[in-house]
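Protein chains in written order, with the working numbering: chain A, 4 to 555; chain B, 4 to 555. For reference, the structure discussed in these notes is given below.
Protein chains: 2
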Amino acid sequence: MALNKPNAIFAILLVASATLFTNSLRAQDLYQAFRQGWLRKAEAYKPRLIETIKQPVNLVKLEKEPSAFQGWKAVSSGGTDKLYNASLKTESGIVADFGEHLTGYFTFTIKALNGTPDAPVRLKFTFGEVPAELSVPFDPYTGTLSRAWLQDETVTVTEMPATITIPRRLAFRYVKIEQLGASSSFDFHISNMQFKATTSVATTPPALAAGTPQLIADIDRVGLATLKECMQTVYEDGPKRDRRLWIGDLYLESLANLYSFKNNDLTKRCFYLLAGLSGDDGILIANVFETPEPHAQVGGRLLDYCFLYNVALKEYVTATGDKQTGLDLWPVAKKQLDIARKYAGEDGMMDYLKAGKEWWVFFDWKDGLDKQASLQGLTIYTLNQTYALAKLLGKESEVADVPALTKKLKEAAHKKLLDKTTGLFVSGADKQISYGSQAWMILGGVASKAEAQKALNALPVIKNAVHPGAPYMFHYYVAALIESGLKNEAKEAVENYWGGMIKKGADTFWEVYDPNDELKSPYNFYPVNSYCHAWSCTPVYFIRKYPEIFQR
Amino acid sequence: MALNKPNAIFAILLVASATLFTNSLRAQDLYQAFRQGWLRKAEAYKPRLIETIKQPVNLVKLEKEPSAFQGWKAVSSGGTDKLYNASLKTESGIVADFGEHLTGYFTFTIKALNGTPDAPVRLKFTFGEVPAELSVPFDPYTGTLSRAWLQDETVTVTEMPATITIPRRLAFRYVKIEQLGASSSFDFHISNMQFKATTSVATTPPALAAGTPQLIADIDRVGLATLKECMQTVYEDGPKRDRRLWIGDLYLESLANLYSFKNNDLTKRCFYLLAGLSGDDGILIANVFETPEPHAQVGGRLLDYCFLYNVALKEYVTATGDKQTGLDLWPVAKKQLDIARKYAGEDGMMDYLKAGKEWWVFFDWKDGLDKQASLQGLTIYTLNQTYALAKLLGKESEVADVPALTKKLKEAAHKKLLDKTTGLFVSGADKQISYGSQAWMILGGVASKAEAQKALNALPVIKNAVHPGAPYMFHYYVAALIESGLKNEAKEAVENYWGGMIKKGADTFWEVYDPNDELKSPYNFYPVNSYCHAWSCTPVYFIRKYPEIFQR
Chain A
4 MALNKPNAIF
14 AILLVASATL
24 FTNSLRAQDL
34 YQAFRQGWLR
44 KAEAYKPRLI
54 ETIKQPVNLV
64 KLEKEPSAFQ
74 GWKAVSSGGT
84 DKLYNASLKT
94 ESGIVADFGE
104 HLTGYFTFTI
114 KALNGTPDAP
124 VRLKFTFGEV
134 PAELSVPFDP
144 YTGTLSRAWL
154 QDETVTVTEM
164 PATITIPRRL
174 AFRYVKIEQL
184 GASSSFDFHI
194 SNMQFKATTS
204 VATTPPALAA
214 GTPQLIADID
224 RVGLATLKEC
234 MQTVYEDGPK
244 RDRRLWIGDL
254 YLESLANLYS
264 FKNNDLTKRC
274 FYLLAGLSGD
284 DGILIANVFE
294 TPEPHAQVGG
304 RLLDYCFLYN
314 VALKEYVTAT
324 GDKQTGLDLW
334 PVAKKQLDIA
344 RKYAGEDGMM
354 DYLKAGKEWW
364 VFFDWKDGLD
374 KQASLQGLTI
384 YTLNQTYALA
394 KLLGKESEVA
404 DVPALTKKLK
414 EAAHKKLLDK
424 TTGLFVSGAD
434 KQISYGSQAW
444 MILGGVASKA
454 EAQKALNALP
464 VIKNAVHPGA
474 PYMFHYYVAA
484 LIESGLKNEA
494 KEAVENYWGG
504 MIKKGADTFW
514 EVYDPNDELK
524 SPYNFYPVNS
534 YCHAWSCTPV
544 YFIRKYPEIF
554 QR
Chain B
4 MALNKPNAIF
14 AILLVASATL
24 FTNSLRAQDL
34 YQAFRQGWLR
44 KAEAYKPRLI
54 ETIKQPVNLV
64 KLEKEPSAFQ
74 GWKAVSSGGT
84 DKLYNASLKT
94 ESGIVADFGE
104 HLTGYFTFTI
114 KALNGTPDAP
124 VRLKFTFGEV
134 PAELSVPFDP
144 YTGTLSRAWL
154 QDETVTVTEM
164 PATITIPRRL
174 AFRYVKIEQL
184 GASSSFDFHI
194 SNMQFKATTS
204 VATTPPALAA
214 GTPQLIADID
224 RVGLATLKEC
234 MQTVYEDGPK
244 RDRRLWIGDL
254 YLESLANLYS
264 FKNNDLTKRC
274 FYLLAGLSGD
284 DGILIANVFE
294 TPEPHAQVGG
304 RLLDYCFLYN
314 VALKEYVTAT
324 GDKQTGLDLW
334 PVAKKQLDIA
344 RKYAGEDGMM
354 DYLKAGKEWW
364 VFFDWKDGLD
374 KQASLQGLTI
384 YTLNQTYALA
394 KLLGKESEVA
404 DVPALTKKLK
414 EAAHKKLLDK
424 TTGLFVSGAD
434 KQISYGSQAW
444 MILGGVASKA
454 EAQKALNALP
464 VIKNAVHPGA
474 PYMFHYYVAA
484 LIESGLKNEA
494 KEAVENYWGG
504 MIKKGADTFW
514 EVYDPNDELK
524 SPYNFYPVNS
534 YCHAWSCTPV
544 YFIRKYPEIF
554 QR
């Protein structure tokens, strides 16, 4: 995801938050005693990237094909010999296929073929994660995010032979090479290309059980590739875009990592980094950057992500037994609960309207999603998980109010949000029915198992139910299906949704996927979507944590 | 100048010449005993470039103005503070003026102004020697030379703050900065720009005589700037384009250098380099490149430039007394005379049609110029000058045939090319009258002083006389005026022609200048012309060699 600023409300919040931060909170740093230690630990756990040199495996032609993903398909057009041996003048527009999604640095060697180079050459390289990125004109650019995220780079070559590395880090499978300027006195060719691929993944996860269905195996493989590409020196959200650590992505990546690569140092690094870069008021900031020195996005707060930090930490400590990290970061988890306390009303309902005015409340890229039920459910879920963490760490006394608060919120939710007639949870003044509301009510434990099954089984036939907008929300839907014991439905949901991407040729899972609208973009220009996105890797977690559901 | 390959005849010659070179001449290298020694000396005389850090001095706006050169003028719009303190988003398109023509490397520093940089930024820098280069769209590009000569560079900035150097060497006075991609979450600004200017000129020439007319002083100043900018590790033809050593440019630059900067090592380096990179048949190649290792343009032969090497060497030895260099390179000068012997007919006339089929015969960027008289005159001039060099070096016996050959060519020219009625020299089947023909006949000594004066005085009133196309040919015209004793006319010619560029705002003299057609381009797109071009620096030579004509 990305801060999508044309969202005017959020723009105002950013400014308000930044002002608050500067004027009143700088004076007193809640974590003064811990902050530097957390940042030192974050640095100590920073992984050394593993570099692998890759070569293109094939040349492809991009062809219009209505049935292909986004209308474009890549068709093999021969080996790379054709490129390496022919004049680039005649081959301008050629596309090389590296055969897999890669993240890192692109280097090419250019040489004269005949004649004497007597003028500079101008080349354009366009890197794409999916075929449409190489086929759709980028300009005039209509996207709401920076045009510079698009990976087209123009290079002036003043001398030959030359070996040139494009400075920016790239994420791609395909590269298109165009000649934009050359002298008629000489021919030249790309004589070599190589890509220094980077990741911090150094391990190979165990094989799935024999007999795992092929589609599930494919989903697992692509999920692992997605996760591996996003695991750099932090858990990035997407290696093409936005290339940074967001708490929401960290949560899902760290879950998948626990059941696959088990790179726990990277998880710890991210926990400590986020803690070290939290606001002086102790509240987390949703996204942070590593360079030139670690820093958080000024004003970059997101309510649901503060809560998910606690959930992620609890899952990590539970799975690894690493209580030391839990104890180090307990002050942060404890502090985030203040958000729940602040917005929980006397009636046991979260004041979602007030929270929505004061915070970016995200949950999904879905216009029109009412977030009352989701926020209520997530708050209860967070209270539960954080209290479980407190118990693991022997800290229950510090959050002694939480069980009562949880109970109050749960009971209020059951009373006010469950429509006893339909068995579905509703949200907001218009009593909206959505996948998100059902998922979060169930994960929060508001529904009994029978109620949960009823709600989830009713959903597919409800006209106008608000569907998940992105794989991120789909995760919580699948988690709710599993939580409710709807095992077959969970497997089918994964097979249909992530399997749908597989069937459309995904090498890595996409940031945004609407089976009915392949051109959907939260940023008004689908080529700027990320097509290798952390929050979409979660089938790895489901498939490997629940082999009895998925690996049979 | 540049090899302008759409000239189909030349394209064929290049191939023919390259084939000849490969198949038959490689076996026997005429200069086997000398070549490596020449190249070692060329390397030994390579200057260390002097680097100076420059800052922009002003901001300018480019305005349409029909009376300005090429229709565009730069108008001051304030100090650079405005750029350094304001968001580049609001200032996109801003133009910084460095106040003088510079050659070297551009570095800028970019910083966030407010907000947190959360996306890459895309910037375009366009560097121009003259205002129109920043104002005229480059695309769709119609030029016949590589589009990559045009100095527009797109840079993706992935992190801030950053200090970034554009890799290619640039030649410019003005730089336009455009923002092509940015995030709405933060503002940023260019906080610094600097330019590492390079030249091998380390000396300051003497001041002109007190009382030198202002216009002549201005022409001298701009000529010196032109020469300084072109003096890098060789005498380049133009620092923007083509950035290489051509014999014709070397000749005029070395003349101007003898009377100004006196960097004789650079002249020697170029003589040795050209000798070392000549063909195995002993014939010079017109243009050479320094990197990645010194090499000549395959097939890059140009008849008149072979001759001018001899003339340049003779002038250098005469002015410096450096006989050692003359003796070292005498085999080369002697060998070039074979070209004269080959095409000199029994009737004493050069077979210009045959030569024109077998060579690129240049003389000027002027469509339709008949080259018979120019070739005849240059050949005689070269024979004279080379024989004078032989005498200086005590080598007359090695070219004993030259005086008789010279006499024969001179008499034939006088008989066949001088129209006794008009007093003008004619050229070719159509008896074309041109400035070039008069100039070269006079420089060759074909005309008596009286005949020369008559011809040159008659020229301006001849309808359809072919005028010089570029400053290069204008040099020979002025030289002929001086040679003929037409001192005032010489001064007036310099004042009108180079003074015309001064009046149009030239910081350096242009490759191509037609007072009646400011958009003239040998390459079909005037922004790709070079606006700092070596062969235009020659007023420095005239003004300083002939103070009695110019400095009064």
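A virtual CB, placed ideally from N, CA and C, is assigned to each residue, including glycine.
Query, Result
"Complete runs of the beta strand (DSSP E) confined to the region 189 to 264 of chain A [at least 3 residues]", "190 to 202"
"Any C-beta of chain A under 8 Å from that of Trp363/B", "no"
"3-residue-minimum beta strand (DSSP E) runs that sit fully inside the region 77 to 149 of chain B, ordered along the chain", "97 to 117, 124 to 131"
"Backbone CA spacing between Val469/A and Lys523/A [nearest angstrom]", "16 Å"
"Rounded straight-line distance, which links the Cα of Thr294/B to that of Tyr34/B", "22 Å"
"Residues near Trp443/B by beta carbon distance below 6 Å, same chain, minus five either side", "Ser377, Gly380, Leu381"
"The region 400 to 420 of chain B in contact with the region 349 to 359 of chain B per 3-pair CB rule at 8 Å", "yes"
"Beta carbon proximity, Glu156/A to chain B, threshold 8 Å", "yes"
"Short CB-CB distance (under 8 Å) between Gly351/A and chain B", "no"
"Nearest candidate by alpha-carbon position, reference Leu255/B, set Lys506/B, Gly118/B, Leu412/B, His478/B", "His478/B"
"Beta carbon of Ala493/B nearer than 8 Å to that of Ile485/B", "yes"
"Chain B contact for Pro471/A (CB, 8 Å cutoff)", "no"
"Exposed unless 16 or more other CB atoms sit within 10 angstroms - verdict on Leu305/A", "buried"
"8 Å Cβ cutoff, Asp235/A in contact with chain B", "Just to set this straight, residue 235/A is Gln in the shown sequence, not Asp. For Gln235/A, the answer is no, since every Cβ of chain B falls outside 8 Å of its Cβ."
"Glu66/A in three-state terms, based on DSSP", "strand"
"Contact set between the region 36 to 53 of chain B and chain A, restricted to residues whose Cβ is under 8 Å from the partner", "none"
"Unbroken stretches of the alpha helix (DSSP H), 4 residues or longer, contained in the region 445 to 521 of chain B", "452 to 461, 474 to 486, 490 to 506"
"Residues bridged to Lys271/B (per DSSP)", "Lys271/B pairs with nothing; no bridge assigned."
"Integer Cβ distance of Lys317/B from Leu392/B, believed to fall under 8 Å", "4 Å"
"Neighbouring residues, chain D, relative to Gly184/A (Cβ below 7 Å)", "Looking for chain D here will not work: the only protein chains present are A and B."
"Simplified DSSP state of Thr166/B, which is helix, strand or coil", "strand"
"Proximity of Tyr384/B and Leu446/B at Cβ, strictly below 8 Å", "yes"
"Beta-carbon proximity check, Ser203/A vs Leu269/A, cutoff 8 Å", "yes"
"Per-residue burial, Thr25/A [other beta carbons within 10 Å of its own, 16 or more giving buried]", "Confidence at Thr25/A is low in this model, with a pLDDT of 42, below 50, so its placement is unreliable and no value can be given for it."
"Check whether Ala315/A and Leu253/A have beta carbons under 8 Å apart", "yes"
"Contact with chain A by Trp538/B, beta-carbon distance below 8 Å", "no"
"Interface flag, Gly96/A vs chain B, CB-CB below 8 Å", "no"
"Contiguous beta strand (DSSP E) assignments of at least 3 residues, all confined to the region 259 to 341 of chain B", "290 to 292"
"Residues near Gln554/A by beta carbon distance below 6 Å, same chain, minus five either side", "Leu211, Ala212, Thr215"
"Buried versus exposed, by CB contacts within 10 Å (16 or more), Ile436/B", "buried"
"Contacting positions in the region 117 to 137 of chain B - beta carbon closer than 7 Å to chain A", "Gly118, Thr119, Asp121, Ala122, Pro123, Val124, Arg125"
"Spatial neighbours of Asn532/A in its chain, beta-carbon cut-off 6 Å, leaving aside the 5 residues before and after", "Glu514, Val515, Ser524"
"Contacts of Glu162/A in chain B (Cβ-Cβ under 7 Å)", "Thr294, Pro295"
"9 Å Cβ cut-off: residues of chain A touching Asp557/B", "Outside the modelled stretch of chain B, which goes from 4 to 555, sits residue 557/B, for which no answer is possible."
"Reference Thr93/B, options Phe111/B, Ala174/B, Asp155/B, Leu183/B, closest by Cα", "Leu183/B"
"CB contact check: Val139/A to chain B, cutoff 8 Å", "no"
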